[in-house]
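In what follows, a structure is listed as structure tokens, so that the remarks can point back to it.
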Amino acid sequence: MIDTLLQHEGALYPFLNLAQLYEQQRWDDANIVIAHLNISEDIVIKMMGDAIQWTDEFQL
């Protein structure tokens, strides 16, 4: 996990990168990562929505 966050490498980095690309609305780049991960865009959209809903549950 440390490599993913600090060094931008490791098995989880493509998923972090994908989330960042979605947040930045860089759709073409996100689609490249989606293809590389061999997952559907529908799954990614649902996962991002779930993540946003989950973070909205925190009251700071």
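Every position in the sequence shown, counted from 1, becomes a number in our numbering once 158 is added. Note that beta-carbon positions come from the ideal geometry of N, C-alpha and C, so glycine has one too. A quick note: this is a predicted structure, and the numbers were derived from the prediction, not measured.
Start and end residues, alpha helix (DSSP H) containing residue i
{"i": "MET205", "result": "199–214"}
Classification of residue i by the beta-carbon crowding that lies within 10 angstroms, buried from 16 upward
{"i": "ILE203", "result": "exposed"}
{"i": "ILE192", "result": "buried"}
{"i": "LEU176", "result": "buried"}
Own chain partners of residue i with C-beta closer than 6 Å, once the 5 adjacent residues on each side are dropped
{"i": "LEU179", "result": "ASP187, ALA188"}
{"i": "LEU195", "result": "PRO172"}
{"i": "ILE160", "result": "none"}
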